[in-house]
Amino acid sequence: MACESEKWVLMVTAQTPTNIAVIKYWGKRDEDLILPINDSISVTLDPEHLCTTTTVAVSPSFDQDRMWLNGKEFSLSGGRYQRCLKEIRSRASGFEDEKKGVKITEKDWENLHVHISSYNNFPTAAGLASSAAGFACLVFSLAKLMNVKEDHGRLSAIARQGSGSACRSLYGGFAKWIMGKNDDGSDSMAVQLADEKHWDDLVIVIAVVSSRQKETSSTSGMRESVETSKLIHHRAKEVVPKRIVEMEEAIKNRDFESFAHLSCADSNQFHAVCMDTCPPIFYMNDTSHRIISCVEKWNRSEASPQVAYTFDAGPNAVLIARNRKAAALLLQRLLFHFPPRSDADLKSYVIGDKSILQDVGVQDMKDVDALPAPPEIKDNIAAQKYKGDVSYFICTRPGRGPVLLSDESQALLNPKTGLPK
Ligand code: DP6
């Protein structure tokens, strides 16, 4: 290894997307290894709007492993971080950069410390699967830094040990987490079903729902479900295996009607399992329920579904529209029922791919106030407005998997000191 006086810092920066499950993972058969009781399928969200960027650095001058999240130092002592670090270190291989005077042998990695800095381009508190993007990015960037020669499948099995849903963020487009059979978890990993170009008509609108309530974490929620719900076991054994086959088929054939039926039914069953847990867990709130009614009513008034909805362990709605036209009609309905607070500005109420606002035909708050009630609404109660119940909307689409960012200006650590910029 390079001697202690050498102050080189070796760095890698990567960007990894988040994902939303359309067939949900809920329930573990092994808590330590994070092995699920059923397969799951997800859509990867465009990293331009929702992603984690992570810089990892190694240097003989670092005296301990350290991590910063959104600029604040964060303890790495948790078992899940330790496991990911250990798994990656054990697969590291030698690296040499003569120009920089860096020579690291396979054995050296055990003694070299790392600095990790991570940043989410969306509010961590919004409850948008930040742990999935976070652990996927940590594992992906460390694997590149430590010259790990494993494929994405093997890396996904390591990310899985950080947070189950993270294994699906190793791929763009659509991914399936295969639950596996082995007790050691070696066959529990994600595979890609289709890349992001396969079904690029889809448009995704996320309603970040205002909530004051502290939610039960996914980890403890699913533990309680496994211990107390009968429905979860029926779901894992009888319902999900069939849905997985049907969902794969729907994705392969770009069959939106089946895709929407399956996504909505699976989200609803996941929340039914939460209700069947003792004591019951409520992730959705009144606003979530109103969004479901709005979508269901509209879908029923059309010849075939226009939008699919899915909700994770929180009240936010993820709405997948069959195409741009459907997304504009959806946003029109959402803005009608859930206008921003009077003092809000439309530009910060609809974020991400704002170009969709042009298709909706609204430019400012005056236009929002003038939106007509959707034609499928026949009575005054159903035409009610809930000002301020949605914090904001994010317009996005299916996106690509992890990438390395080679431009040093995008690194989150200073290349000389290895400390946050
Ligand atoms: C509802 O992956 O956050 O989002 O494995 O304990 O870290 P841990 O749980 P996590 O659970 C995600 C649950 C879900 C459904 C899904 O993403 O499939």
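The sequence shown begins at 1 in the UniProt record's numbering and counts up one residue at a time. The beta-carbon is built from N, C-alpha and C at its ideal position, and this holds for glycine as well.
- Judged by pairs of C-beta atoms under 8 Å, the stretch 232-239 does not touch the stretch 378-390, as fewer than three such pairs exist.
- The three-state secondary structure of H49, taken from DSSP, is coil.
- Proximity of the beta carbon of G164 to ligand 1 is indicated: a heavy atom of the ligand is located closer than 8 Å.
- Approximately 14 Å separates the beta-carbon atoms of L50 and S118; this is outside 8 Å, ruling out the contact.
- For L170, there is no enclosing beta strand (DSSP E), since its DSSP letter is neither H nor E.
- If you look at R29, you'll find it in the beta strand (DSSP E) that goes 28-30.
- Judged by DSSP secondary structure, E246 falls within the alpha helix (DSSP H) whose first and last residues are 240-252.
- Counting the other CB atoms within 10 Å of its CB gives S355 a total below 16, which places it among the exposed residues.
- E96 counts as exposed, since fewer than 16 other beta carbons sit within 10 angstroms of its beta carbon.
- In the three-state reduction of the DSSP assignment, R160 falls in the coil class, being assigned neither a helical nor a strand state.
- Distance from the CA atom of N253 to the CA atom of N19, rounded to whole angstroms, is 21 Å.
- Distances from the CA of K86 to each of Q161, A132, N120, F122 were compared; the closest alpha carbon is that of Q161.
- Closest in C-alpha terms to S258, from the list R322, T228, C278, comes R322.
- Distances from the CB of W298 to the heavy atoms of ligand 1 are all 8 Å or more.
- Cβ neighbours of F336 within its own chain (closer than 6 Å, five residues either side excluded): L371.
- Between the stretch 143-160 and the stretch 178-192 there are three or more inter-stretch CB-CB distances shorter than 8 Å, so the stretches are counted as touching.
- Membership of N268 in the alpha helix (DSSP H) is indicated by the continuous run 256-275.
- Remark: the shortest separation between the CB of A132 and any heavy atom of ligand 1 falls under 8 Å.
- DSSP, read as helix, strand or coil, puts M284 in coil.
- Taking 8 Å as the cut-off, the C-beta of A327 does not count as close to any heavy atom of ligand 1.
- The C-beta of A303 has fewer than 16 other C-beta atoms within 10 Å across all chains shown, which makes the residue exposed.
- Judged by their CB atoms, V58 and V114 are nearer to each other than the 9 Å cut-off.
- Distance check between D30 and each of D184, A308, E248 places D184 closest, using alpha-carbon atoms only.
- When distances are taken from the beta-carbon of T277 to the heavy atoms of ligand 1, even the shortest one reaches 8 Å or more.
- Set against 8 Å, the gap from the CB of M222 to the closest heavy atom of ligand 1 is smaller.
- The beta-carbon separation of P60 and L112, rounded to 7 Å, stays under the 8 Å limit for a contact.
- Residue range 350-352 is occupied by the beta strand (DSSP E) that includes G352.
- About 23 Å separates the beta carbon of L170 from that of L10, a gap too long to meet the 8 Å contact definition.
- Measuring C-alpha to C-alpha distances from S131 to each of L142, L202, G164 identifies G164 as the nearest.
- Here the alpha carbons of L193 and A14 stand approximately 23 Å from one another.
- Relative to ligand 1, F270 has its C-beta within less than 8 Å of a heavy atom.
- In the displayed model, Q192 falls within a strand according to three-state DSSP.
- One thing to note: V148 has its Cβ within 9 Å of the Cβ of S93.
- E376 is positioned such that its CB atom lies closer than 9 Å to that of R300.
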